[in-house]
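Chemist: Chains as they are written, first to last, in the numbering used here: chain A, 210 to 323; chain B, 309 to 421.
For every residue, glycine included, the Cβ atom is placed at its ideal position computed from N, Cα and C.
Dropping the structure in here first, questions after.
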Amino acid sequence: NAGVMQNPRHLVRRRGQEARLRCSPMKGHSHVYWYRQLPEEGLKFMVYLQKENIIDESGMPKERFSAEFPKEGPSILRIQQVVRGDSAAYFCASSPPDTREKLFFGSGTQLSVL
Amino acid sequence: QQQVKQSPQSLIVQKGGISIINCAYENTAFDYFPWYQQFPGKGPALLIAIRPDVSEKKEGRFTISFNKSAKQFSLHIMDSQPGDSATYFCAASISGANSKLTFGKGITLSVRP
Chain A
210 NAGVMQNPRH LVRRRGQEAR LRCSPMKGHS HVYWYRQLPE EGLKFMVYLQ KENIIDESGM
270 PKERFSAEFP KEGPSILRIQ QVVRGDSAAY FCASSPPDTR EKLFFGSGTQ LSVL
Chain B
309 QQQVKQSPQS LIVQKGGISI INCAYENTAF DYFPWYQQFP GKGPALLIAI RPDVSEKKEG
369 RFTISFNKSA KQFSLHIMDS QPGDSATYFC AASISGANSK LTFGKGITLS VRP
C-alpha cells in the first residue's frame with residue numbers, strides 16, 4: 210500500500226508565477242489535509258478537504274491560494290502570483306474515514322520562490 | 309497566540325540515555341495528543357498518541373505521560389539510539405472538529421553514540 214504521494218518534491222518558481230502542488234492520498238483514504246512548514250516552525254494547518262468538498266479552509270490565506278480534491282485525480286494546492294514569502298515546505302496528509310485523527314503525511318513539496 | 313508549546317528547543321542525549329520532551333497546551337477542548345517524528349527530507353510520521361482518559365501510554369521505548377490538570381504532556385524515549393535523532397513535534401486536536409492538528413514548533417533531538 211503506497212503512502213501519501215506528493216509531487217513535485219521540489220518546485221522553483223519566479224515571483225508572479227503559479228505553483229501547483231499535487232497530493233494523492235493513501236488508498237482508501239477520503240480525507241486530505243494541507244499543511245505548510247516554515248523553517249524553525251511547526252506545521253500550520255491550511256485546508257481540509259473531502260472528495261469534491263472543502264470542509265475547512267480557515268488556515269488558507271484569503272488571496273492567491275486555493276485547493277481542490279476532485280472526484281477523480283489528486284488533490285491540488287494552487288498558489289497564484291507567488292511571492293518570496295510563499296517559500297516553504299508544503300505537506301499533504303490523508304486519513305481513513307473511521308480514524309480521521311490519524312494523519313499520514315507525504316514527504317512534502319519544497320517550494321522556492323526566486 | 310501559540311496554543312501548543314514545546315520545550316526544550318533542542319536536546320542532546322547520550323546513547324542509552326532517556327530523552328524527555330515536554331509539551332504544554334492552552335485549549336482545554338483538545339482531546340487527542342499525538343507525537344510526530346520527522347527525519348530530514350521526510351514528512352512527519354505518527355509515533356504515539358494519547359487521549360485525556362489515561363495518564364500514560366507506552367509503546368516499545370516510547371512513553372507519553374499526560375497531566376490534564378497542568379495541561380501538559382511529555383514524550384519519554386528510553387534507551388535512546390542514534391537512529392532516534394530527528395525532529396519531534398507534539399500536536400493536539402479536538403475530536404469531531406475536522407480533526408485538524410495544532411502543532412508545536414518542534415524540537416531537534418541528537419543522540420550521540
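Against LYS313 of chain B, what residues of chain A qualify as contacts under a CB-to-CB distance less than 7 Å, listed in chain order?
Modeler: Per Cβ cutoff of 7 Å: no residues; LYS313 of chain B is ~10 Å from chain A at best.
Chemist: Judging by CA-CA distance, which residue of A:TYR242, A:ALA211, A:LEU247, A:LEU252 is the nearest neighbour of GLN311 of chain B?
Modeler: Of A:TYR242, A:ALA211, A:LEU247, A:LEU252, the residue nearest in Cα terms is A:LEU252.
Chemist: At a Cβ threshold of 9 Å, is ALA302 of chain A touching chain B?
Modeler: Yes - at least one Cβ of chain B is within 9 Å of the one on ALA302 of chain A.
Chemist: Relative to the C-alpha of ASN375 of chain B, which residue among B:ARG420, B:GLU334, B:GLY368, B:PRO421 is closest?
Modeler: Out of B:ARG420, B:GLU334, B:GLY368, B:PRO421, B:GLU334 has the C-alpha closest to the C-alpha of ASN375 of chain B.
Chemist: Check the Cβ-Cβ distances between ASP265 of chain A and every residue of chain B, and say whether any is below 9 Å.
Modeler: Yes, contact with chain B.
Chemist: Would you check if there are 3 or more beta carbon pairs closer than 8 Å linking the segment 403–418 of chain B to the segment 248–268 of chain A?
Modeler: Yes: at least three Cβ pairs fall under 8 Å.
Chemist: Do you know how far the Cα of GLN319 of chain A is from the Cα of ALA297 of chain A?
Modeler: So the two alpha carbons sit approximately 6 Å from each other.
Chemist: Measuring straight from C-alpha to C-alpha, what distance separates ILE415 of chain B and ALA337 of chain B?
Modeler: Roughly 24 Å separates the two Cα atoms.
Chemist: Measure from the alpha carbon of ILE329 of chain B to the alpha carbon of each residue in B:GLN345, B:LYS323, B:TYR340, B:ASP339, then state which is nearest.
Modeler: Cα-wise, what sits closest to ILE329 of chain B is B:GLN345.
Chemist: When we look at the beta-carbon of MET386 of chain B and count the other beta-carbons within 10 Å, is it buried (16 or more) or exposed?
Modeler: Under this definition MET386 of chain B is an exposed residue.
Chemist: Could you tell me which chain A residues have their CB closer than 9 Å to the CB of LYS413 of chain B, listed as they occur along the chain?
Modeler: Those are GLU249, GLU250, GLY251, listed as they occur along chain A.
Chemist: Quick one: Cα of LEU354 of chain B to Cα of PHE313 of chain A, how far?
Modeler: Their Cα atoms are separated by approximately 7 Å.
Chemist: Express the C-alpha separation of PRO421 of chain B and LYS311 of chain A in angstroms, rounding to a whole number.
Modeler: C-alpha separation (whole angstroms): 33 Å.
Chemist: Could you work out which residue in B:ILE320, B:GLN314, B:SER315, B:PRO316 is closest to PRO390 of chain B when comparing CA atoms only?
Modeler: Cα-wise, what sits closest to PRO390 of chain B is B:ILE320.
Chemist: State yes or no: is the beta carbon of ALA353 of chain B nearer than 9 Å to at least one beta carbon in chain A?
Modeler: With 9 Å as the cut-off, ALA353 of chain B counts as an interface residue toward chain A.
Chemist: In chain B, what lies closer than 7 Å to ARG309 of chain A by C-beta?
Modeler: Ordered by position in chain B, the residues that pass the 7 Å Cβ test against ARG309 of chain A are SER407.
Chemist: Enumerate in chain order the residues of its own chain whose CB-to-CB distance from SER239 of chain A is below 7 Å, with the five nearest sequence positions on each side excluded.
Modeler: Taken in chain order, the residues that qualify are GLN259, LYS260, PRO306.
Chemist: Which full runs of the beta strand (DSSP E) of 3+ residues lie inside the segment 223–276 of chain A, going along the chain?
Modeler: Entirely contained in the segment 223–276 of chain A, the beta strand (DSSP E) runs reaching 3 residues are, in chain order, 228–233, 240–246, 252–259, 262–265.
Chemist: DSSP state of ARG287 of chain A, grouped into three classes?
Modeler: In this structure, ARG287 of chain A counts as strand in the three-state DSSP scheme.
Chemist: Can you grab the Cα-Cα spacing for the pair GLU272 of chain A / PRO342 of chain B, in whole Å?
Modeler: Each residue's alpha carbon lies about 31 Å from the other.
Chemist: Roughly how many angstroms lie between the CA atoms of GLU281 of chain A and LEU230 of chain A, to the nearest whole one?
Modeler: If I take the Cα positions, the gap works out to 16 Å.
Chemist: Assign PRO390 of chain B to one of three DSSP states: helix, strand, or coil.
Modeler: If DSSP states are grouped into helix, strand and coil, PRO390 of chain B belongs with the helices.
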